[in-house]
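Asks: If you read the sequences in order, they're chains A and B.
With the numbering used here applied, the first sequence has no gaps in its numbers, which climb one by one up to 291 at the end.
With the numbering used here applied, the second sequence has no gaps in its numbers, which climb one by one up to 291 at the end.
Positions of the beta carbon are idealized from the N, C-alpha and C atoms, including for glycine.
Protein chains: 2
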Amino acid sequence: MFDIKRLHVDTTTTLIAMEDEVDRLVAAWRRERPDLDVEPLEVLSRVSRLARHLDRARRLAFTEHGLESWEFDVLTALRRAGTPYQLSPGQLLTQTLVTSGTMTNRIDRLTKKGLVERLPDPSDRRGVLVRLTDEGRDRADQALAGLLAQERAILGELTRAQRGELAGLLRQLTAPFDNVPG
Amino acid sequence: MFDIKRLHVDTTTTLIAMEDEVDRLVAAWRRERPDLDVEPLEVLSRVSRLARHLDRARRLAFTEHGLESWEFDVLTALRRAGTPYQLSPGQLLTQTLVTSGTMTNRIDRLTKKGLVERLPDPSDRRGVLVRLTDEGRDRADQALAGLLAQERAILGELTRAQRGELAGLLRQLTAPFDNVPG
DNA sequence: GTGAAGTCTCTTGATGTCAAACATCTTGAC
DNA sequence: GTCAAGATGTTTGACATCAAGAGACTTCAC
């Protein structure tokens, strides 16, 4: 088993490692269901919970720039595509992990706000291309700067080496999802 | 900068490290905005995306047990509390990271399904206690076993030591959120 | 005791998301 | 050519979530 929790049984110096909600969660399971091996929760429950915290923090950061989180997701996907800043709804799906109906709705709303526009795909008459307007591009750039500042603050807990290690381990978990069309 | 990506420029042996969507995302930003340091995304975008993938996988696993994800979250929080399997809505909030209105709604629906029941708090007349029914307890236990099996499969990518390391690094990021009431 | 401030849960209204069905177009085997 | 299978984007209806605020109760200083 892991000894990590041993590090902070001494409550006088919590500098070494703070307990988090998942520690309490896992301890509770070990008490209630000692027959079960709940070790997987140590990793994956933390991922889920951290993501929820990040969602909330991002929401706050974006409202300062007059954007919603979902708007940021779509606008930056287009921004990353480079000139002429256009992608198909299908390409946007794989980047944002939402369903196609949701994406249609998002494009509608962004079009109404003048941040993107819909064009027919010249090479496939079923298809559509979504293009960023100039204002959409500016808004995306501003919000990205804000987001990075916030994320840097959150990651201040870790050294550069730790961040690299964490990124590598997470990549091993995400790669199967991203590469097998699931 | 990180050298991690260097590991898999050789496309003949991808055993070492597979590229994921965030690698592509970061590469795109470095091309489009070379003036910006987007290193924080290497960690936090992976956390968010992995969480979305996990959400989907969990949803599938739970439907096999006739439960929704949100039902699982509430039922297991009560299950972990131990006999007599009851908590206040407020305690459930902090564990599930939803707003109070959402929790009210969840308790309503679980009550209708006969999985929990609402009792007046004997020590505080503003308060309520939510208690698991016998059926609720059984359903929670079954679904937990299913979830753990699935999570073990996902984590098969990593060695035990890597899982321990990952858990430790994630704890450092989640602890500030969990301990400073935010 | 009394009042102000805080806590706890529920209600309300707006909104975003999903799953599933659908219309349109493309592709490839024959 | 033609037709079935697949791909693409949209529509629909149900539903869960959130933010904000209201109502009921508790706590604590005085």
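When you compare only the Cα positions, how much space is there between residue 170(A) and residue 255(A)?
Replies: Along the first sequence, read from residue 1 onward, the residue named residue 170(A) stands at position 61. Along the first sequence, read from residue 1 onward, the residue named residue 255(A) stands at position 146. Cα-Cα distance, rounded: 7 Å.
Asks: Hey, is residue 276(A)'s beta-carbon within less than 7 Å of any beta-carbon in chain B?
Replies: On the first sequence, residue 276(A) is found 167 positions in, with the first residue counted as 1. Yes, residue 276(A) lies at the interface with chain B (some Cβ there is under 7 Å from its Cβ).
Asks: If I follow the unbroken beta strand (DSSP E) through residue 80(A), where does it start and stop?
Replies: In the structure as shown, chain A begins at 110 and stops at 291. Residue 80(A) is therefore absent and cannot be evaluated.
Asks: Would residue 293(A) pass as a contact of residue 197(A) if the rule is Cβ separation under 7 Å?
Replies: What the structure shows of chain A is the stretch from 110 to 291, and residue 293(A) is not part of that stretch, so it cannot be assessed.
Asks: For a test of the three-state rule: what should DSSP assign to residue 135(B), helix, strand or coil?
Replies: The count along the second sequence starts at 1 and reaches residue 135(B) at position 26. Helix, per DSSP.
Asks: Looking only at its own chain, which residues have a Cβ that is under 7 Å from the Cβ of residue 172(A), when we skip the five neighbours before and after it?
Replies: The residue you call residue 172(A) lines up with position 63 of the first sequence. There are no such residues.
Asks: Any beta-carbon of chain B closer than 7 Å to the one on residue 225(A)?
Replies: If you number the first sequence from 1, residue 225(A) lands on position 116. No, residue 225(A) lies away from the interface with chain B (no Cβ there is under 7 Å from its Cβ).
Asks: I want to know whether the region 272-283 of chain A touches the region 274-285 of chain B - three or more CB-CB distances under 8 Å.
Replies: Because the criterion of three Cβ pairs below 8 Å is met, the region 272-283 of chain A and the region 274-285 of chain B touch.
Asks: Per DSSP, residue 226(A) forms a beta bridge with which residues?
Replies: What you label residue 226(A) is simply residue 117 of the first sequence in a count that begins at 1. Residue 226(A) pairs with 240(A).
Asks: Taking its Cβ as the centre, do 16 or more other Cβ atoms sit within 10 Å of residue 243(B), making it buried, or is it exposed?
Replies: Within the second sequence, residue 243(B) is the residue found at index 134, counting from 1. Residue 243(B) comes out exposed.
Asks: Going along chain A in order, which residues have a C-beta closer than 8 Å to the C-beta of residue 156(B)?
Replies: Walking along the second sequence from the start, residue 156(B) turns up at place 47. Ordered by position in chain A, the residues that pass the 8 Å Cβ test against residue 156(B) are 156, 159, 160, 163 and 279.
Asks: Mind checking whether residue 187(A) and residue 194(A) have CB atoms under 7 Å apart?
Replies: Locating residue 187(A) in the first sequence gives position 78, counting from the first residue. Locating residue 194(A) in the first sequence gives position 85, counting from the first residue. Yes, they are a contact pair.
Asks: Return no unless some Cβ of chain B is closer than 7 Å to the Cβ of residue 282(A).
Replies: Indexing the first sequence from 1 puts residue 282(A) at position 173. Answer yes: the Cβ-Cβ gap between residue 282(A) and chain B drops below 7 Å somewhere.
Asks: Taking Cβ-Cβ distances shorter than 9 Å, what residues in chain A pair up with residue 248(B)?
Replies: Stepping through the second sequence from its first residue, residue 248(B) is reached at position 139. Ordered by position in chain A, no residue passes the 9 Å Cβ test against residue 248(B), which lies about 14 Å from the chain.
Asks: Can you tell me which of the three DSSP states residue 253(A) falls into?
Replies: Position 144 of the first sequence, counted from the start, is the residue given in the question as residue 253(A). Residue 253(A) falls in the helix class under three-state DSSP.
Asks: Just to confirm my understanding: we take residue 214(B), look at its own chain, exclude 5 residues before and 5 after, and list those with CB closer than 7 Å. What are they?
Replies: For the purposes of this step, residue 214(B) is identified with residue 105 of the second sequence, where counting begins at 1. Same-chain partners within the cutoff: there are none.
Asks: Relative to the C-alpha of residue 286(A), which candidate in 161(B), 136(B), 146(B) and 148(B) has its C-alpha closest?
Replies: Along the first sequence, read from residue 1 onward, the residue named residue 286(A) stands at position 177. Nearest C-alpha to residue 286(A): 161(B).
Asks: Secondary structure at residue 196(A), three-state DSSP: helix, strand or coil?
Replies: Here residue 196(A) refers to the residue found at position 87 of the first sequence. If DSSP states are grouped into helix, strand and coil, residue 196(A) belongs with the strands.
Asks: Taking only beta-carbon positions, decide if residue 130(A) is within less than 7 Å of chain B.
Replies: Here residue 130(A) is taken as the residue at index 21 of the first sequence, counted from 1. True, the Cβ-Cβ gap to chain B drops below 7 Å.
Asks: My output table needs one value for residue 174(B): the three-state DSSP class, helix, strand or coil.
Replies: Residue mapping note: residue 174(B) aligns to position 65 of the second sequence, counting from 1. In the structure shown, residue 174(B) sits in coil (DSSP, three-state: anything other than H, G, I, E or B).
Asks: Taking 8 Å as the limit between beta carbons, can you name the residues of its chain near residue 249(B), skipping five residues before and five after?
Replies: Within the second sequence, the letter at position 140 stands for residue 249(B). 181, 184, 185, 187, 188 and 241, listed in sequence order.
Asks: Kindly indicate which three-state DSSP category residue 291(B) falls into: helix, strand or coil?
Replies: By 1-based counting over the second sequence, the position of residue 291(B) is 182. With a pLDDT of 42 at residue 291(B), under the threshold of 50, the predicted position of this residue should be treated as unreliable, though the coordinate-derived value follows. Residue 291(B) falls in the coil class under three-state DSSP.
Asks: Return the Cβ separation of residue 158(A) and residue 150(B) in integer angstroms, given the expectation that the two are a contact with Cβ distance under 8 Å.
Replies: What you label residue 158(A) is simply residue 49 of the first sequence in a count that begins at 1. What you label residue 150(B) is simply residue 41 of the second sequence in a count that begins at 1. 20 Å between Cβ atoms; not a contact.
Asks: Of the residues that make up the region 171-201 of chain A, which ones have a beta carbon closer than 7 Å to any beta carbon in chain B?
Replies: Within the region 171-201 of chain A, the qualifying residues are 188, 189 and 191.
Asks: Identify which residue in 266(B), 156(B) and 167(B) has its Cα closest to the Cα of residue 130(B).
Replies: By 1-based counting over the second sequence, the position of residue 130(B) is 21. Answer by Cα proximity: 156(B).
Asks: Does residue 208(B) come out as helix, strand or coil in the three-state DSSP assignment?
Replies: Indexing the second sequence from 1 puts residue 208(B) at position 99. Coil at residue 208(B), not helix or strand.
Asks: State buried or exposed for residue 283(B), treating a residue as buried only when at least 16 other CB atoms are found within 10 Å of its CB.
Replies: Start at 1 with the first residue of the second sequence, and residue 283(B) comes out as number 174. Buried, by the Cβ-count rule.
Asks: With a threshold of 8 Å on Cβ separation, who are the neighbours of residue 225(B) within its own chain once the five nearest residues in sequence on each side are excluded?
Replies: The residue labelled residue 225(B) in the question sits at position 116 within the second sequence. Result list for residue 225(B): 183, 184, 187, 216, 219, 239, 240, 241, 242 and 245, in chain order.
Asks: Rounded to whole angstroms, what is the Cα-Cα separation between residue 134(A) and residue 232(A)?
Replies: Translated into the one-based positions of the first sequence, residue 134(A) becomes position 25. Translated into the one-based positions of the first sequence, residue 232(A) becomes position 123. Residue 134(A) and residue 232(A): Cα-Cα distance of roughly 53 Å.
Asks: How many angstroms separate the CA atom of residue 257(A) from the CA atom of residue 190(A)?
Replies: In the first sequence, counting from the first residue as 1, residue 257(A) sits at position 148. In the first sequence, counting from the first residue as 1, residue 190(A) sits at position 81. Looking at the two C-alpha atoms, the distance is approximately 19 Å.
Asks: CB-CB under 7 Å to residue 253(A), same chain, minus the five flanking residues each way: which ones, in chain order?
Replies: If you number the first sequence from 1, residue 253(A) lands on position 144. Closer than 7 Å at Cβ, skipping near neighbours: 185.
Asks: Closest to residue 263(A) by CA distance: which of 163(A), 138(A) and 201(A) is it?
Replies: By one-based count along the first sequence, residue 263(A) stands at place 154. Residue 263(A) has its Cα closest to that of 163(A), out of 163(A), 138(A) and 201(A).
Asks: Hey, how far is the Cα of residue 127(B) from the Cα of residue 266(B)?
Replies: For the purposes of this step, residue 127(B) is taken as the residue at position 18 of the second sequence. For the purposes of this step, residue 266(B) is taken as the residue at position 157 of the second sequence. The alpha-carbon atoms of residue 127(B) and residue 266(B) are separated by roughly 11 Å.
Asks: So residue 216(B) contacts chain A; which residues on that side make the cut at Cβ distance below 7 Å?
Replies: For the purposes of this step, residue 216(B) is taken as the residue at position 107 of the second sequence. Simply none; closest approach about 19 Å.
Asks: At a CB-CB cut-off below 8 Å, which residues of chain B make contact with residue 257(A)?
Replies: Residue 257(A) sits at position 148 when you count from the first residue of the first sequence. Here the neighbours are 145, 146, 147, 149 and 150.
Asks: For residue 112(A), count neighbouring C-beta atoms within 10 Å of its own C-beta (all shown protein chains included) and say buried if the count is 16 or more, exposed if not.
Replies: As a working mapping, residue 112(A) is identified with position 3 in the first sequence. Confidence in residue 112(A) is poor, its pLDDT being 35 and thus under 50, which makes the residue's placement unreliable; the coordinate value appears in the next sentence. It is exposed - the Cβ of residue 112(A) has fewer than 16 other Cβ atoms within 10 Å.
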